[in-house]
Amino acid sequence: MRDYWSFFSAGQWVYGRGAVRQLGHLLKQRNLRSVLLVTDSNLARLGYVDQVRGPLSDVGIQSMVFDGGEPEPSIRVAEAAFEFANSRRIDAVLGLGGGSNMDLAKIVAILLTHQGHPRDYFHFDRVPGPVLPLICVPTTAGTGSEVSHAAVLTDSETGLKMSTLSPYLRPDLALVDPALTDACPSQVTADSGIDALTHAIEGFCALDFSRVAVPGEQAVPYAGSNPMGDWLAERAIRLIGEHLQTAVEQPEDQEARDGMSLAATLAGLAFSNCAVAVVHALEYPIGVALHCSHGAGNGLILPYVMEYNRDVSAAKYAQILHWLGGDASGMDLPSAAQAAIDRIVALRQSIGIPHRLRDIGATEDQLPGFARKAFGIKRLMELNPRVPTEEGLLEILRRAL
Ligand SMILES: NC(=O)c1ccc[n+]([C@@H]2O[C@H](COP(=O)([O-])OP(=O)(O)OC[C@H]3O[C@@H](n4cnc5c(N)ncnc54)[C@H](O)[C@@H]3O)[C@@H](O)[C@H]2O)c1
Ligand SMILES: [Zn+2]
C-alpha cells in the first residue's frame, strides 16, 4: 500500500484554437530537423497533413509522411509503418489523428529506437528506455493518447487489443488544437466523446491509491484514484455533460468542440494515472470480434458495468449525477446512483451509440469467450471498485445482450 500519490503528464501540453500554427516553433525549440508524420489517408485527403507540414516547413523542418494508418490499428500496420520509417533519418515522430494514429506513432517511435517487434513491448514496462521525441496532435476529442502512457494495437491472432504501457510513451509534446476536430464526422465525435467520458468515470471510480497494493517502490500501470485525478475527472465530466451532445448535433459549434477537446485531454490524464477497468477490459474482445469502434464499445458497455459496480460506487455516482447537471435533491443514495446511470443511458441514446450487444451483431454463445478474455486482463481487473469475477463479467454481458 502507498501513503503518497504522484502524477504524470506529457512533457508540454499546448491547448488552443489555432495552436497548430505554433508547431514549427515548438519543434525548433527542441532542435528537431526531420520529423516522421504518422497519419491515415483519410486525414491526408482532408488537408490535415498540410496544416501540420506548413508550420514545420516555415521553420525549415523536414517532414515525411506515413499515411497508412487505420482505425484500431493492427500489428501488421505497425510493421508497415516501421518498415517505411526504418531506413530514413528521423529525429522525432509525430502522430496526427485520433487515438489510432497517435498510438501507431508511439509504437513506431519504440521500434525506431529499440528495434524488435511490437509484441516485444506489449503489457507494462517492457520498453527499455526513452524513445525518439514524440509529438501528438489529436484530431478527435476522445482517447487522451496525447498525454497517456499507452498505445493499443489489435492482435488479430489472439482476438484481443493489446496495450503497450510505458512511462516513456507519454509524449514530449501534446498539441491540442480543437479546430482540428471541427470537421470530425458526428459518429466519430460521439464514439470518441463517450470514450472520454468512460475514461473520466473509470479513473474517478477506481480503487483509491491508498488501497492499491504495490510491491516495494515498483512502477505500476495504474496507481488508483487520487485528488488530482478526481479534479481532472470532475472537470472532464462537467465539460462532456455540457458539450458532447451539442458537438454531435451541431458539429460547427466551436464552443462545444473546444470543450470536448479540453475534456478529452483532462480525462486522458485522469485515466492514465488512476485507472481504466472493467469497461475497457470488456470492450477489447468485443471490439475485435464485432468490429465496433473502441468508443462505441465502451459507450455501449459503460452503464451495464456501472450497474455492476453501483453498490460500492454509489456516493461517487451521486457526484457524477451532479456534475452531469442532474438534481439529486430528495433522493437517497441508491436512487441518486441509479439516476446517474439513467442519465448516461439517455446521453448515450441522444448521441446514437448502440444500447445492446445484439445491435452490433453479438450472439449469446460469444459471451463466455468475451468474459474469459476480459477477465484475463489482470491490470484492468485490479482497480475496479468492485472485485470482479469471470461469472460477474458474464452477467454484465448477458444484461447487455
Ligand atoms: N493510447 C491511449 O491512451 C488510448 C486511449 C483510448 C483509446 N485508444 C485507442 O484509440 C483508438 C480510437 O481512436 P479514436 O476514437 O480517436 O478514433 P480513430 O483514431 O480510430 O479515428 C476514427 C476515424 O475517424 C477519422 N477521423 C479522425 N479525426 C477526424 C477529423 N478531424 N475529421 C475527419 N475524420 C477524422 C479517422 O481518419 C478514422 O477513420 C482505438 O484503437 C483505441 O484502442 C488509445
Ligand atoms: Zn478508452
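Counting from 2, one number per residue, gives the positions in the sequence shown under my numbering.
We put the CB at the ideal spot given by N, CA and C, even for glycine.
Since the model is a prediction, treat every value here as computed from it, not as a measurement.
Would you say the beta carbon of residue i comes nearer than 8 Å to a heavy atom of ligand 1?
i      : result
Asp343 : no
Asn102 : yes
Asp68  : no
Asn403 : Because residue 403 is not part of the residues shown, which for the chain are 2 to 402, the question remains open.
Asp4   : no
Leu49  : The question names Leu, but residue 49 is Tyr in the sequence shown. Yes; taking the cut-off as 8 Å, the Cβ of Tyr49 has a heavy atom of ligand 1 nearer than that.
His295 : yes
Glu73  : yes
Ala237 : no
Ser262 : no
Asp178 : no
Pro134 : no
Quick check: is any heavy atom of ligand 2 less than 8 Å from the C-beta of residue i?
i      : result
Asn299 : yes
Thr199 : yes
Thr165 : no
Thr144 : yes
Val213 : no
Phe205 : no
His281 : yes
Val306 : no
Val277 : yes
Asp192 : no
Asp328 : no
Compute the beta-carbon to beta-carbon distance between residue i and residue j, rounded to the nearest angstrom, for a pair I have assumed lies under 8 Å.
i      : j      : result
Ala375 : Pro286 : 6 Å
Ala105 : Ala79  : Checking the displayed sequence, the identity of residue 105 turns out to be Leu instead of Ala. The Cβ separation is near 6 Å, so the contact holds.
Leu325 : Ile238 : 6 Å
Leu245 : Leu348 : 7 Å
Ala191 : Ala268 : That pair is no contact at about 15 Å.
Asp178 : Gly17  : 7 Å
Leu24  : Leu176 : 6 Å
Leu322 : Ala329 : 5 Å
Val138 : Leu95  : 7 Å
Where does residue i sit, in a helix, a strand or coil, going by DSSP?
i      : result
Ser294 : coil
Ser309 : It should be noted that the sequence gives Tyr, not Ser, for residue 309. The answer is helix: DSSP assigns Tyr309 an H, G or I state.
Leu208 : coil
Leu13  : The question names Leu, but residue 13 in the sequence shown is Gln. Strand.
Val289 : helix
Phe272 : helix
Met382 : helix
Ala329 : coil
Leu174 : strand
Ala152 : strand
Leu161 : strand
Ser7   : coil
Leu37  : strand
Val277 : coil
Leu303 : helix
Leu27  : helix
Val60  : coil
Leu166 : strand
Gly19  : coil
By how many angstroms is the C-alpha of residue j removed from the C-alpha of residue i?
i      : j      : result
Val215 : Tyr223 : 10 Å
Arg54  : Leu27  : 13 Å
Ala340 : Ala319 : 8 Å
Ser336 : Ser314 : 12 Å
Val346 : Ile352 : 10 Å
Asp231 : Ala110 : 31 Å
Pro252 : Asp360 : 25 Å
Leu47  : Val388 : 45 Å
Pro369 : Thr155 : 20 Å
Asp312 : Pro386 : 10 Å
Val189 : Glu147 : 17 Å
Val213 : Asn43  : 42 Å
Ile108 : Gly225 : 25 Å
Leu384 : Ser164 : 17 Å
Thr220 : Lys379 : In the sequence as presented, Thr is not what sits at residue 220; that position holds Ala. Going from the Cα of Ala220 to the Cα of Lys379 covers about 16 Å.
Lys29  : Leu208 : 42 Å
Gly143 : Pro129 : 28 Å
Report whether the distance from the Cβ of residue i to the nearest heavy atom of ligand 3 is below 8 Å.
i      : result
Gly393 : The ligand content of the structure shown is limited to ligand 1 and ligand 2, which means ligand 3 is not among them.
With 9 Å as the threshold, decide whether the Cβ of residue i is near any Cβ in chain B.
i     : result
Phe85 : Of the protein chains in this structure there is only one, and it is not chain B.
Ordered list of alpha helix (DSSP H) runs contained in the segment 73-147, each at least 4 residues: The segment 73-147 contains these whole alpha helix (DSSP H) runs: 76-87, 100-115.
Residue ranges of each alpha helix (DSSP H) within the segment 182-260, 4 or longer: Complete alpha helix (DSSP H) runs here, min 4: 187-206, 228-250.
With a floor of 3 residues, list each beta strand (DSSP E) that falls wholly inside the segment 334-398, ordered by position along the chain. Uninterrupted beta strand (DSSP E) stretches at least 3 residues long and entirely within the segment 334-398 do not occur.
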